[in-house]
Amino acid sequence: MLEFYRQMVLIRRFEEKAGQLYGLGLIGGFCHLYIGQEAVAVGIQSALKPGKDSVITGYRDHGHMLAYGIDPNVIMAELTGREAGISRGKGGSMHMFSVEHKFYGGHGIVGAQVSLGAGLGFAHKYNGDGGVCVAYFGDGAANQGQVYESFNMAELWKLPIIFVIENNQYAMGTSVNRSSAEDQLYRRGESFRIPGIQVNGMDVLAVRGATEEALKWVQGGNGPILLEMKTYRYRGHSMSDPAKYRSREEVQAMRDKSDPIEGVKAYLSAQGVGEDELKKIDQDIRKIVSEAADFAETSPEPEMAELYTDVLVEQY
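Residue 0 is where the sequence shown starts when you use this note's numbering, and the numbers rise one by one after that.
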């Protein structure tokens, strides 16, 4: 649990710093923060096997990369468009990836990653490597047609894929119950005979447990499964969103009742972990994040020659 706490605090502090750098103009374009949803990425990633299982997600991807153990320095450098970034400064906030870690992005087109995730699941099955793909998408993307095409093929071919809906209650500014006739999103796969589980996405242990059950199902050759993570984002859809479609009281009530980090902190305190130890973890994390920001700010921007790389496939 201490490691879960450390990882979630790292994501929280990293995203807070990213928000500050965006405000200073050091991060350009769109920037979607993961604050409030930390338990989902940490709980799921903790159940996966690095180097074997693959992950693909949408544009709110910084937290997933951090939970995967990728160096905060290269993530922050990517956010600021620097050559030292994990995608050499060309991916930015929404399109960073790491083939080495089997992390395939980071996608800015809503729902596009789901069909690519089905392709990753197909690759695992075709190659017989025993891996499983986890395809994350949001409650807004759950209404995209290509998601259902992916459900159909994944079930038809019994692909090893876990579909994860991060239901943070709002697709940009539209709440789930205003846009979805079936707002119990874990049922979305029923017509394809894909089982679904609704999970408290603010509880890292619940997320971890549900993921372990999902892995057993998929690895047993039963085909895909769907996990709906009921979570909540504290910030706007992106840094340019003032979030006027909900009240401050609503956000504060969720923080007070269900904050994933405070929940783990209370658990650890009950288990005898001292306040000083928890403060020390937070201090260490703040130092790591500060160093990541310094690394990004002092790293050079890409050379102009980078414009001509990665245009065509250079290796097969």
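The C-beta atom is built at its ideal place from N, Cα and C for all residues, glycine as well.
On a predicted model such as this, the values are computed, not experimentally measured, just so you know.
| Query | Result |
| --- | --- |
| List in chain order: all unbroken beta strand (DSSP E) runs of 3+ residues lying wholly within the stretch 86-173. | 132-137, 160-166 |
| Which residues in the same chain have their Cβ closer than 7 Å to the Cβ of Asp281, if we skip the five residues on either side of it in sequence? | Val8 |
| Based on Cα-Cα distance, which residue from Met201, Pro241, Gly235, Gln145 lies nearest to Tyr4? | Met201 |
| Which runs of the beta strand (DSSP E), 3 residues or longer, sit entirely within the stretch 36-77? | 53-55 |
| Please classify Lys243: does DSSP put it in a helix, a strand, or coil? | coil |
| Can you give the Cα-Cα distance for Glu82 and Glu181, rounded to whole angstroms? | 45 Å |
| For Leu214, count neighbouring C-beta atoms within 10 Å of its own C-beta (all shown protein chains included) and say buried if the count is 16 or more, exposed if not. | buried |
| Taking only three categories from DSSP, how would you classify Val316? | Any answer about residue 316 is impossible in this case: the structure gives the chain only from 0 up to 315. |
| Would DSSP call Gly262 helix, strand or coil? | helix |
| Going by beta-carbon coordinates alone, are Ile160 and Val198 separated by less than 8 Å? | no |
| Tell whether a beta-carbon distance below 8 Å holds between His106 and Tyr58. | yes |
| Below 8 Å, can you find three or more Cβ-Cβ pairs linking the stretch 165-175 to the stretch 122-142? | yes |
| Using the Cβ count rule (16 or more neighbours within 10 Å means buried), how would you classify Asp283? | exposed |
| Could you tell me whether the stretch 145-153 touches the stretch 111-119, where touching means 3 or more Cβ pairs closer than 8 Å? | yes |
| Three or more C-beta pairs under 8 Å: does that hold for the stretch 240-247 against the stretch 62-78? | no |
| Roughly how many angstroms lie between the CA atoms of Gly262 and Ile196, to the nearest whole one? | 22 Å |
| Based on the DSSP output, what are the partners of Glu227 in its beta bridges? | Ile164, Gln197 |
| Please name the residue in Leu277, Glu189, Ser239, Arg254 whose C-alpha comes closest to that of Gly24. | Ser239 |
| Alpha carbon to alpha carbon, how far is Glu154 from Ser190? Give it in angstroms, no decimals. | 11 Å |
| Based on Cα-Cα distance, which residue from Val54, Tyr125, Arg254, Gly220 lies nearest to Ile43? | Val54 |
| State the start and end residues of the unbroken alpha helix (DSSP H) segment that holds Arg177. | 175-178 |
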